[in-house]
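**Student:** Take this structure, written in structure tokens, and hold onto it; I'll ask about it next.
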Amino acid sequence: MNDEVLDPKVMLERSARLGALTRAEASPGPFAWLAAMAALMPVTFAGIGSARGEDGVLAVALVFGATVGLLSVTLMRGRAFSVGFRRRFVPAMLAWGTAFGVFLSVGLLILRTELLYWIPAGIIVALPLAVAAWREDALRRGR
Amino acid sequence: MVAEPAERHPRHDLDPVIHQPVRFSILAMLVAAEDVQFAMIRDVVEVSDSVLSKQLTLLEQAGLIAIRKEFAGKYPRTWVRLTPDGRVAYTAHLDALRAIVAGAAPGS
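Here it is in structure tokens:
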């Protein structure tokens, strides 16, 4: 890119083009991560509910941890993050973490093998992630 | 005797720090994101590492951007973001450009 002073119209066009390009790079990773994490919750919780013994629960926990790690490495390695992403991401993670901790604790302590508890619990725990994913998608589409 | 113009021309509102094309392009990217990696700016703006570093330093000294360095494993990563002052200044610069374009439009 050379150093010339450009026509104002050209500079406005350049601003719009570079802005759109950056926004396109910034959004897909976090959206995909949040959506995949939301989908993972009911599967994980159903897995815990149907696991046999402590070894089964441990196996589900290991698979869950590995999946989260893989998703984070592959989807959260973007070279740009959208405006306000941190401001939206932190409350979403706090809401999810709280729901995850509460439902997991209650389930493991009281209702370990009750699938009728674990399946809806997994859906409820997925909600903060699903809402966050929906918001990222809406912002990406300019809604 | 020269008459005083009725209105100040909007070109006077252009910020010389922002108006330089490489710096303008950097800010055009940053205004659309919260954080952008050094490498992405370099690739999109199509400048060398040294040119980009120099321009980023100028923008940082002007208080328009903030630079954050971190490590991903062994590899250093540099993130760049627009400061609140930078956002205001860039928006004002765009407004001045729009005013110039509107003033130059036929019939205006």
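Going line by line, the protein sequences match chains A and B.
Just so you know, this note's numbering puts 75 at position 91 of the first sequence, and the rest follows in order with no gaps.
Every position in the second sequence, counted from 1, becomes a number in this note's numbering once 1228 is added.
Just so it is clear, CB atoms sit at the ideal spot from N, CA and C, and this is done for glycine as well.
(1) In whole angstroms, what is the alpha-carbon distance linking B:Asp1313 and B:Leu1287?
(2) Spell out whether any CB of chain A is found under 9 Å from the CB atom of B:Ile1295.
(3) For A:Arg125, which of helix, strand or coil comes out of DSSP?
(4) From what residue to what residue does the alpha helix (DSSP H) around B:Asp1271 run?
(5) Measuring only between beta-carbons, confirm whether B:Leu1286 sits less than 9 Å from chain E.
(6) From A:Glu98 to A:Leu54, what does the alpha carbon distance come to, in whole angstroms?
(7) Okay, do the region 1291 to 1310 of chain B and the region 1319 to 1331 of chain B touch, 3+ Cβ pairs below 8 Å being the bar?
(8) To which residues of the same chain is B:Ile1246 closer than 7 Å at the C-beta, ignoring the five residues directly before and after it?
(9) Give a yes or no on whether 9 Å exceeds the smallest Cβ distance from A:Phe15 to chain B.
(10) Assuming B:Val1250 and A:Leu2 make a contact with CB atoms under 8 Å, what is their CB distance in whole Å?
(11) From A:Arg61, A:Leu100, A:Gly40, A:Trp118, pick the residue whose C-alpha is nearest to that of B:Phe1299; which is it?
**Tutor:** Reading off the structure:
(1) Translated into the one-based positions of the second sequence, residue 1313 of chain B becomes position 85. Translated into the one-based positions of the second sequence, residue 1287 of chain B becomes position 59. Going by the C-alpha atoms only, they are around 11 Å apart.
(2) As a position in the second sequence, residue 1295 of chain B is number 67, starting the count at 1. Chain A contact via Cβ: absent.
(3) What you label residue 125 of chain A is simply residue 141 of the first sequence in a count that begins at 1. Note: A:Arg125 maps to coil in three-state DSSP.
(4) Counting from 1 along the second sequence, the entry for residue 1271 of chain B is found at position 43. Looking at the DSSP string, the run of the alpha helix (DSSP H) that includes B:Asp1271 is 1266 to 1273.
(5) In the structure shown, chain E cannot be found, because the protein chains are A and B.
(6) As a working note, residue 98 of chain A is residue 114 in the first sequence. As a working note, residue 54 of chain A is residue 70 in the first sequence. C-alpha separation (whole angstroms): 29 Å.
(7) no
(8) Within the second sequence, residue 1246 of chain B is the residue found at index 18, counting from 1. Only Phe1252, Leu1255, Ala1317, Tyr1318, His1321 meet the Cβ criterion.
(9) By one-based count along the first sequence, residue 15 of chain A stands at place 31. No, no contact with chain B.
(10) The residue given as residue 1250 of chain B occupies position 22 in the second sequence. The residue given as residue 2 of chain A occupies position 18 in the first sequence. The Cβ separation is near 12 Å, so there is no contact.
(11) Here residue 1299 of chain B corresponds to residue number 71 of the second sequence, with the count starting at 1. Nearest option by C-alpha distance: A:Arg61.
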